[in-house]
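FYI, the numbering for the sequence shown is 947 to 1453, going by my numbering.
The structure appears below as structure tokens.
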Amino acid sequence: MHKLTRNLLKSIHSDEIILPDEETLDLPVKLLQFGTGNFLRAFVDSLLQIANNKGLFNGRVVVIQSTSEGRADLLNEANGLFTHIARGIYKGQPKEEIRIVGTIDKVLKSNDEWDKVLRVIKDPNIGIVVSNTTEAGISISPDDRFDDDPPCSFPAKVTRLLYERYKALGKDKAKLIFIPCELIDRNGDTLKQCVLKLCHIFGLEREFIDWVSTECIFCCSLVDRIVTGYPKDEIEDLEKRLGYEDKNLVVSELFHLWVIEGPSYVKEILPLDRVGLNVVFTDDIAPYRTRKVRILNGGHTSTVTLAYLAGLNYVKEMVEHPIIGKYLKDLLFEEVVPTIPGDRSEIMEFTHEVLERFKNPFIKHALIDITLNSTSKLTVRILPSIIDFYSMRKKLPNRLLLSIAGYLRFYKITRADGKAFFGRRDNGEEYPIRDDREILEHMKNTWGKYDGSLTLDQCLSLTKEALSHPKLEAQHLLEMPSAAEKIATYLHNLLTKGAISTILDID
């Protein structure tokens, strides 16, 4: 079977495959991308191809592989081409889009081809830099050195590239717009702070530092699309259907959202909203982040531990379960949505959309994967909703409090082998608990003080002690009248009756 390359495109004649318009494959490079991973390809690169096919943006991408391992060789062998399959439910019906994306001009390995990266950054046509270097990527390393080839951290690489561009093009032509896609709050601000700090550490000129601070734009952005990556379980059938081999094929859900906070002219340079894409340009990203974090992410975090303890394994079966699915829906519409400022109809529509996404038959989203690092997720996704609900209604949100009890029950550590920690589901099946080690030791020690069946009073003592760890940031919750008692009651019920019965009995 032939591999996907530019030469192969002319021989592909399939009504279900959307091809890149031939003229879009020779457009000038306008965007630099840090990251070869599945997400950026199924999100940024795919959206750019749609815009290019419509005669907008009219640019291609040079991708930088920052790590020793990545997809550079495979993508370069395919002339930058890859297949993106987006699947989901649209207006109540299953839908699939198959698109060959041709926006990638080439991929450079920063560890081996730093000299080429330094040349690329001097191209005056490049005006935008996007990145997805993981949440830990936007941070400074003690090993950062300006003259290293390349510098160690992502912000250090950005600092060096900006300096080389500034020296080559001058301050008027060198300006760049950064749109980081890392999943941290105020990601653009964080990247800018790191770069400016490194400018001082590296002893760079005051004039350059002022230019970075005032002329370069660091947008904060919010991205939302579930990308499952390379479909190894069905790749043989897919390749027979497509008629070619593609090692870079990537699968995602249909839904996408990109919210970009920045000056109004950013949308003129990156006009993705003008081709019907769900790209929002705004001067305040906060409402969009609150909506996503509390409804989509909060919906996951508030329910997955209970669903997993009850024996469910995937998000789809969780949301379709007659008892747990109703619990999730009631939690979102009755306790979370009321706490979110903004247009009520838009928020309700977003919530319905989230529940539909959770039912996507093409996405096998494992509950145990979502439980990873539940402690930090709880502090960001659940506690603010509880605090705001109580402040607004002067009563406790029972379902959200049950989710706290579900978290505590999930973190009942029954075995630890020095490196890994484990608990047991209601049916006795063992599962891994993955989180910050300090939290895991805290939970192990707290639960270890109690043997056998816990009384309600013991559950209350355990609840207060477990939630007192500073990383949980639960002090306001513990200070709410009767909140600890309510959580302890739910925890006692979970231990004695199981998740399903506890949900059914919620008042």
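All C-beta atoms, glycine included, are put in the ideal place defined by N, C-alpha and C.
- Taking each of K1055, I1332 and I1446 in turn and checking the Cα distance to N1373, the smallest one comes out for I1446.
- Contact check for V1047 against N1022 fails: the beta carbons are separated by 8 Å or more.
- Between the alpha carbons of L994 and P1097 lies a distance of about 29 Å.
- L1318 sits exposed, since fewer than 16 C-beta atoms from the chains shown fall within 10 Å of its C-beta.
- Less than 8 Å separates the beta-carbon of M1264 from that of L1258.
- In the structure shown, P1330 falls within a helical segment according to DSSP collapsed to helix, strand and coil.
- Taking one beta carbon from each stretch, the region 1098-1117 and the region 1143-1162 have 3 or more pairs nearer than 8 Å; the two touch.
- Beta-bridge analysis with DSSP links Q979 to V1009 and V1076.
- Straight-line measurement puts the Cα of G1134 at about 16 Å from the Cα of P1233.
- In this chain, L1168 is not harboured by any alpha helix (DSSP H); it is covered by the beta strand (DSSP E) spanning C1166 to D1170.
- For the pair V1221 and P1268, the Cα-to-Cα distance works out to about 39 Å.
- Annotation: E1128 is outside any alpha helix (DSSP H) and is labelled neither H nor E by DSSP.
- According to the DSSP secondary-structure assignment, A1312 is paired through a beta bridge with Y1260.
- Beta bridge pairing from DSSP links P1040 with I1035.
- With at least 16 other beta carbons inside 10 angstroms of its own, Q979 counts as buried.
- In terms of Cβ geometry, T970 and N999 form a close pair [threshold 8 Å].
- In the DSSP assignment, P1378 falls within the beta strand (DSSP E) that extends over E1376 to I1379.
- Segment contact: the region 1207-1217 against the region 980-993, fewer than three CB-CB distances shorter than 8 Å; contact not assigned.
- With respect to the C-alpha of D1170, the residue from W1204, G1026 and K1143 having the closest C-alpha is W1204.
- When Cβ pairs closer than 8 Å are counted between the two stretches, the region 1326-1341 is seen not to touch the region 1378-1394, the count staying below three.
- C-alpha of Y1036 to C-alpha of K1186: approximately 26 Å in a straight line.
- By DSSP's assignment, I1269 forms no beta bridge with any residue.
- When secondary structure is reduced to three states using DSSP, T1029 falls in the strand class.
- Residue pairing by DSSP leaves T1317 without any beta bridge partner.
- Spanning the alpha carbons of K1310 and V1250 requires a straight line of approximately 14 Å.
- Secondary-structure assignment with DSSP links T1228 through a beta bridge to E1207.
- Annotation for R1370: the continuous beta strand (DSSP E) segment containing it runs F1367 to R1370.
- Distances from the alpha-carbon of L1324 to those of L1313, G1352 and K1340 put G1352 closest.
- Taking each of M947, D1131 and K1443 in turn and checking the Cα distance to Y1190, the smallest one comes out for M947.
- Burial state of M1389 is buried, judged by a 10 Å Cβ sphere holding 16 or more other Cβ atoms.
- Counting along the chain, the unbroken beta strand (DSSP E) around G1175 starts and ends at V1173 to G1175.
- In this structure T1409 is not in contact with L1346, their Cβ atoms being roughly 15 Å apart against a cut-off of 8 Å.
- As DSSP reads the structure, R1045 sits in a beta bridge with I964 and H1030.
- Beyond the five residues adjoining it in sequence on each side, S1087 comes within less than 6 Å, by CB distance, of C1098 and S1099 in the same chain, given in chain order.
- If you ignore the 5 residues before and after T1236, its C-beta comes within less than 7 Å of the C-beta of I1286, all in its own chain and listed in chain order.
- Going by C-alpha positions, E1281 is about 12 Å away from M1294.
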